[in-house]
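In the working numbering, the protein residues as written are 3 to 144. Right, one structure below, let's go through it.
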Amino acid sequence: MTEAYDPNNIFAKIIRGEIPCHKVFEDDDTLAFMDIMPQGNGHVLVLPKGEARNILDATPEQLAAVIATVQRIAKAVKAAFAADGVFVQQFNEAPAGQTVFHLHFHVIPRFEGVGLRGHTGQMADHGLLAEHAAKIRTALGG
Ligand code: AMP
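Here it is as structure tokens:
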């Protein structure tokens, strides 16, 4: 059985503006911001704004909105970082690796011959995250 949604999870607080983030994109239904422990340069998280714990309880409408933004961000990070490819990753429940229980997709630029850092590894420098967010916003035309 899927667990209940906790409205006090950290991403719900970011969506409500109670906690800051390095935002790269927002529309009525979705939000995208830099992961603070990036697995690679340009690692972005894409979320629906509405309540959904993960893919197991999300509505088709939330999924449609979020995947459209995932595609938009994937194209932008590929262009911004001149990446060779883009990795899209998503976890459902703790045994599958989920640590924040508001649905999100990881969008990570990949480069030939360059490995990823660990999932929820080291905190990145905020200046660098701000720089990367600005690059991605430019690629988005913002
Ligand atoms: P997961 O739930 O396993 O997909 O991972 C949650 C992701 O959120 C991890 O990659 C964390 O580095 C990231 N994260 C946790 N807290 C924050 C935050 N306040 N701002 C941005 N990213 C975060």
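Glycine is no exception: its CB is placed at the ideal position from the N, C-alpha and C atoms. Computed from a predicted structure; not experimentally measured.
Is residue i near ligand 1, in the sense that its beta carbon is under 7 Å from a heavy atom of that ligand?
| i | result |
| --- | --- |
| Phe-93 | yes |
| Leu-47 | yes |
| His-128 | no |
| Val-79 | no |
| Gly-19 | no |
| Val-88 | no |
| Asp-8 | no |
| Val-102 | yes |
| Asp-2 | Any property of residue 2 remains undetermined from this structure, which presents the chain solely from 3 to 144. |
| Phe-113 | no |
| Gly-99 | yes |
| Phe-35 | yes |
| Ile-38 | yes |
| Thr-32 | no |
| Ile-12 | yes |
| His-134 | no |
| Thr-71 | no |
Excluding sequence positions up to five away, which residues of its chain have a Cβ less than 6 Å from the Cβ of residue i?
| i | result |
| --- | --- |
| Leu-118 | Gln-41, Gly-42 |
| Lys-137 | Ala-82 |
| Ile-16 | Cys-23 |
Whose C-beta lies closer than 8 Å to the C-beta of residue i among residues of the same chain, with five residues either side of it excluded?
| i | result |
| --- | --- |
| Gly-99 | Phe-93, His-121 |
| Gly-167 | There is simply no residue 167 to check, as the chain begins at 3 and stops at 144 in what is shown. |
Using DSSP's beta-bridge definition, name the partner residues of residue i.
| i | result |
| --- | --- |
| His-108 | Leu-47, Gln-91 |
| Met-36 | Val-46 |
| Lys-25 | Phe-35 |
Can you list, in chain order, the residues of its chain with a C-beta nearer than 7 Å to that of residue i? Leave out the 5 residues immediately preceding and following it.
| i | result |
| --- | --- |
| Phe-13 | Leu-49, Val-102, His-104, His-106 |
| Asp-8 | Phe-103 |
| Ala-76 | Val-88, Val-90, Val-109 |
Quick test of your reading: residue i and residue j, contact by CB under 8 Å. State the CB separation rounded to the nearest angstrom.
| i | j | result |
| --- | --- | --- |
| Ala-70 | Ala-141 | 17 Å between Cβ atoms; not a contact. |
| Asp-31 | Ala-67 | 4 Å |
| Ala-34 | Leu-47 | 7 Å |
task = Indicate whether the contact test is met: 3 or more Cβ pairs, each with one atom in the region 80–88 and one in the region 47–56, closer than 8 Å.
result = no
request  = Specify whether the region 92–101 and the region 22–29 touch according to this definition: at least 3 beta carbon pairs, one from each stretch, less than 8 Å apart.
outcome  = Verdict: no, contact absent.
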